[in-house]
Amino acid sequence: MQESASNGCKGCQFFLATIEDYLMSNDSEGFSVFVQEAKPIRIVVDGSGRFLLNSDFMSASKYITVDLCAADQTSFDYPNLDAGPRRPLSPDTNTPEVFELARLWLDCCSRHDSCDAQKDTPLPTRLVELTGDLELPLRLCVTKENWRGKYVSLSHCWGKELPFRTTSDNIDSLIKGFKVELLPQSFRDAVTLTWELGFKYLWIDALCIIQGNLEDWARESAAMTQVYYNATLMISATAATDSSVGIFKPRKCFTSHRFGPNGSLLWQSPAIFPSTSADEEPLDRRAWSYQEKVMAKRILHFRKNEMGWSCLTSAFSESRGTTPVDGPVDDSPSIKRYAHKFLGVKSPDVDLGGLKRDQQGALCQWYNILSGYTHRDLTNPRDKLPALSGLSHGLLIPEFGQYLAGLWEADIFRGLGWTYTNRHKIPVQKYGCYIAPSWSYMAGQGRVHLFDDWIWADAEPALRPSERWEQQYNPRLIDYHFQYDTSDQHGRITNGWIVIRAHCRRILVRQNSTLGDNSRLGDDDDDARLRLDEREGFFEWRFDGPHGYHCPWLLLDREPDGWGEKWANNDKVDDFVAVQIGQHAHLYKAFLDPELASVLLILRPIDHDGEQVYQRVGIVLVPLNKRQKWHRKWQRRDFKII
1 MQESASNGCK GCQFFLATIE DYLMSNDSEG FSVFVQEAKP IRIVVDGSGR
51 FLLNSDFMSA SKYITVDLCA ADQTSFDYPN LDAGPRRPLS PDTNTPEVFE
101 LARLWLDCCS RHDSCDAQKD TPLPTRLVEL TGDLELPLRL CVTKENWRGK
151 YVSLSHCWGK ELPFRTTSDN IDSLIKGFKV ELLPQSFRDA VTLTWELGFK
201 YLWIDALCII QGNLEDWARE SAAMTQVYYN ATLMISATAA TDSSVGIFKP
251 RKCFTSHRFG PNGSLLWQSP AIFPSTSADE EPLDRRAWSY QEKVMAKRIL
301 HFRKNEMGWS CLTSAFSESR GTTPVDGPVD DSPSIKRYAH KFLGVKSPDV
351 DLGGLKRDQQ GALCQWYNIL SGYTHRDLTN PRDKLPALSG LSHGLLIPEF
401 GQYLAGLWEA DIFRGLGWTY TNRHKIPVQK YGCYIAPSWS YMAGQGRVHL
451 FDDWIWADAE PALRPSERWE QQYNPRLIDY HFQYDTSDQH GRITNGWIVI
501 RAHCRRILVR QNSTLGDNSR LGDDDDDARL RLDEREGFFE WRFDGPHGYH
551 CPWLLLDREP DGWGEKWANN DKVDDFVAVQ IGQHAHLYKA FLDPELASVL
601 LILRPIDHDG EQVYQRVGIV LVPLNKRQKW HRKWQRRDFK II
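Per UniProt numbering, the very first residue in the sequence shown carries number 1; after that it's consecutive.
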């Protein structure tokens, strides 16, 4: 093969380069063995339609995946490949072929029933205006009220080095005009894309918001949902770690000779697999990019290996051309559709219908959004609330009440019933500065889970809380107070508290390493384990004292009465307060056990400026037996939680 490749055989050159590239990165000695022993190679098709290259010099478990491509980017059937031959990739994403494919996707989306028509929309406060040919200067355009048009937005990582940006000192000169060479590479590439796709205006946060001006920043960040929602297209610099890296990427790819009917096929490697999951690329891990992805109607992704597309209807990848990929390249389309419906309430062109009455559905989508947001990275941790401010403003309806550091007044007690989940993959981190009160899921960095099957008063009869619980324990929000950094009440806060009135009981907690060996204690989000926000592990707990009632006896193989041996005096025990804030049930459990699980908020009393207040330390969901659920030791009190 090496001799044939040297003599100009394009097929041998392709296979030799592909095998050398694979072995030099996985087994440097293997390539010499392959060349010396002249082992034959095989290409087989696996059950999922992938083409696998293997040889006797490789173990059975090792193979190289190659793509069968249509040389002329045509589409035709192939018996063992459901999706047909792929589209060959060019060595760079800055090519006419890439731009033409992006235009095809944009045109295809315009015919989707579920995607909004590409019509003129209200323009943001400022836009970068392309004044003509790419060689001509750009200028910062300050729009006027009621201006409408089409524009492109950019989603990107700022990185540690601040990019070229608009400030109070240079805004006047940028309005007069500036050269594209002043911009970092990602911004330049975004300008090129905007021009190639036929648009005149581009929105980039660093240029269209006055950096260092807190009031302008607060006002514009609160409106950011509308900016991304109204954009005809969002360019996502998904693979770039900062604005200096650039959007366009050279790609290492080997292409074979043409073969098959009329030379219509070719091989290409390395094979490209369209990305279908989040957190794979630098931008996917950033907090600011999340609301941008949720609210954008159409996204042109520039990932590590290829360009992609996502809208409310379809997802495309560069290697598949105009054939939709199996899974979305973006977050759940249902979340996007729901968010877009509620954001549409702000527009006079949208028929409200029964939208505002669907409050519970809106809140459930809000909690779904949170599960994809709270673990994401921030350069400045104090941006935790502002980075979701635009989305929270967009989803706001009057029935929700006040926005309380990420929670909604109308649903405060379900909002308090959160826990960190998936800690083995996403460790919980506390910020080094004040972000939010301890009771808010915004206070730390980790993936948040809220119990989905919270019991509502207007639920199906079998799921309703008993009237007795409603009458005896129903908690109330009494008061709240916040101090804000700016005029945006969904943005940064310097302190805040709530006062709730609820029934409480003393609870003692100790860590027990042996519980982790109990096979019946899984890692499910809704099992009965007590979870502490800042400590990992398994914990035993008892009401009232070291010899008191303990739970969860169902999981610990205790006697049904819930009593056990007295804890030793040398045990390290934490003394907390358990507060009943709600009831919870799986649908299938609710019909079997009318005594629903109790949701207990765990609080620690502390002294704050001479006043006794409380901090949240954890949560537990537990099926209390009747005796303990209605025990006389549950006392109604007011709690000020900071």
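Quick reminder that beta carbons are idealized off the backbone N, C-alpha and C, glycines included.
- Task: Return helix, strand or coil for Ser4, following the three-state DSSP convention.
- Result: Helix.
- Leaving out the 5 sequence neighbours to the left and right, which residues in its chain are closer than 8 Å to Pro605 when beta-carbon positions are compared? Listed in chain order, the non-local C-beta contacts of Pro605 below 8 Å within the same chain comprise Val577, Gln612, Val613 and Tyr614, local neighbours out to five positions each way being set aside.
- Under the rule that 16 or more other beta-carbon atoms within 10 Å means buried, what is Asp205, buried or exposed? With 16 or more other Cβ atoms inside 10 Å of its own Cβ, Asp205 counts as buried.
- Selected residue, minimal CA-CA separation from Asp575, among Ala436, Leu391 and Leu508: Ranking Ala436, Leu391 and Leu508 by CA distance to the CA of Asp575 puts Leu508 first.
- Message: Can you check which of these residues, Ala239, Thr494 and His424, is closest to Ala443 by C-alpha distance?
- Response: Among Ala239, Thr494 and His424, the Cα nearest to that of Ala443 is on Thr494.
- Query: From Arg87, Lys62, Ser55 and Arg139, pick the residue whose C-alpha is nearest to that of Leu68; which is it?
  - Reply: Of the candidates Arg87, Lys62, Ser55 and Arg139, the one whose C-alpha sits nearest the C-alpha of Leu68 is Arg87.
- Query: DSSP three-state call for Ala502: helix, strand or coil?
  - Reply: Ala502 sits in a strand when the DSSP states are folded into three classes.
- Query: The alpha helix (DSSP H) with His393 in it runs from where to where?
  - Reply: Residues Pro386 to Leu395.
- Item | Thr419, enclosing beta strand (DSSP E) - first and last residue | Thr419 -> beta strand (DSSP E) spans Trp418 to Tyr420.
- Item | Where Glu512 sits in the DSSP three-state scheme | Correcting the residue identity first, residue 512 is Asn in this sequence and not Glu. If DSSP states are grouped into helix, strand and coil, Asn512 belongs with coil.
- State buried or exposed for Trp366, treating a residue as buried only when at least 16 other CB atoms are found within 10 Å of its CB. Around the Cβ of Trp366, a 10 Å sphere holds 16 or more other Cβ atoms; the residue is buried.
- Query: What residue from Leu136, Leu127 and Thr241 has the CA that sits closest to Glu161's CA?
  - Reply: Of the candidates Leu136, Leu127 and Thr241, the one whose C-alpha sits nearest the C-alpha of Glu161 is Thr241.
- Task: Answer yes or no: do Thr255 and Phe15 have a C-beta to C-beta separation smaller than 9 Å?
- Result: Going by C-beta atoms, Thr255 is not nearer than 9 Å to Phe15.
- Task: Just mark Asp189 as buried or exposed, buried being the case when its beta carbon has 16 or more other beta carbons within 10 Å.
- Result: Asp189 is buried by the Cβ-count criterion.
- Alpha carbon to alpha carbon, how far is Asp46 from Leu53? Give it in angstroms, no decimals. Leu53 and Asp46 have their alpha carbons spaced roughly 11 Å apart.
- Local conformation of Met224 per DSSP, three classes: Met224 carries a helical assignment under DSSP once its states are collapsed to helix, strand and coil.
- Which residues mark the beginning and the end of the beta strand (DSSP E) in which Ser440 is found? Looking at the DSSP string, Ser440 is not in any beta strand (DSSP E), and its letter there is neither H nor E.
- Item | Short CB-CB distance (under 9 Å) between Ile412 and chain B | As a matter of chain content, chain B is missing from the structure shown, which is built from one protein chain.
- Excluding sequence positions up to five away, which residues of its chain have a Cβ less than 7 Å from the Cβ of Pro91? Pro250, Arg251 and Cys253, listed in sequence order.
- Could you tell me the distance, in whole angstroms, from the CA atom of Thr143 to the CA atom of Pro398? Approximately 30 Å between the Cα atoms of the pair.
- Message: Going by DSSP in three states, Lys10 sits in which element: helix, strand or coil?
- Response: Here Lys10 sits in helix by DSSP.
- Message: Can you give me the C-alpha to C-alpha distance between Arg468 and Val620, rounded to a whole angstrom?
- Response: About 21 Å.
- Task: Whole angstroms is fine: what's the gap from Leu554's alpha carbon to Trp634's?
- Result: Confidence at Leu554 is low in this model, with a pLDDT of 45, below 50, so its placement is unreliable and the value that follows should be read with caution. Each residue's Cα considered, the two are about 22 Å apart.
- Asp533 and Arg505 closer than 9 Å at C-beta: No. Outside cutoff.
- Message: Measuring only the C-alpha atoms, how far is Lys629 from Leu603?
- Response: Spanning the two alpha carbons is a distance of roughly 19 Å.
- Message: With H, G and I counted as helix, E and B as strand and the rest as coil, what does DSSP make of Gln628?
- Response: Of the three classes helix, strand and coil, the one that applies to Gln628 here is helix, per DSSP.
- Query: Of all the beta strand (DSSP E) runs that stay within the bounds of the region 134-208, which reach a length of 3 or more residues?
  - Reply: You should have 138-142, 152-155 and 201-203.
- DSSP state of Pro122, grouped into three classes? Strand, per DSSP.
- Message: Could you compute how far the alpha carbon of residue 645 sits from the alpha carbon of Ser153?
- Response: This structure gives no information on residue 645, because the portion of the chain shown stretches from 1 to 642.
- Sorted by chain position, which residues of the same chain lie with C-beta nearer than 6 Å to residue 683's C-beta, five sequence neighbours on each side aside? Outside the shown range of the chain (1 to 642) lies residue 683, about which nothing can therefore be said.
- Task: Alpha carbon to alpha carbon, how far is Trp147 from residue 684? Give it in angstroms, no decimals.
- Result: In the structure as shown, the chain starts at 1 and stops at 642, and residue 684 therefore has no counterpart that could be examined.
- Can you name, in chain order, every residue of its own chain whose Cβ lies under 7 Å from the Cβ of Pro184, other than the five neighbours on each side? Once the five neighbours on either side are set aside, the close Cβ partners of Pro184 are Pro163, Phe164, Ser243 and Ser244.
- With C-beta atoms as the reference, is Val191 less than 9 Å away from Val128? Against a cut-off of 9 Å, the Cβ pair of Val128 and Val191 comes out as a contact.
- Distance between Val622 and Arg558 (C-alpha atoms, nearest Å): For Arg558, the pLDDT reaches just 47, beneath the cut-off of 50, and the residue's location in the model is therefore unreliable, although a value from the coordinates is still provided. Distance between Arg558 and Val622, taken at the CA atoms: about 14 Å.
- Task: Rank Thr166, Lys640, Glu540 and Arg303 by C-alpha distance to the C-alpha of Gln211 and give the top, closest one.
- Result: Looking at Thr166, Lys640, Glu540 and Arg303, the one whose alpha-carbon comes closest to that of Gln211 is Thr166.
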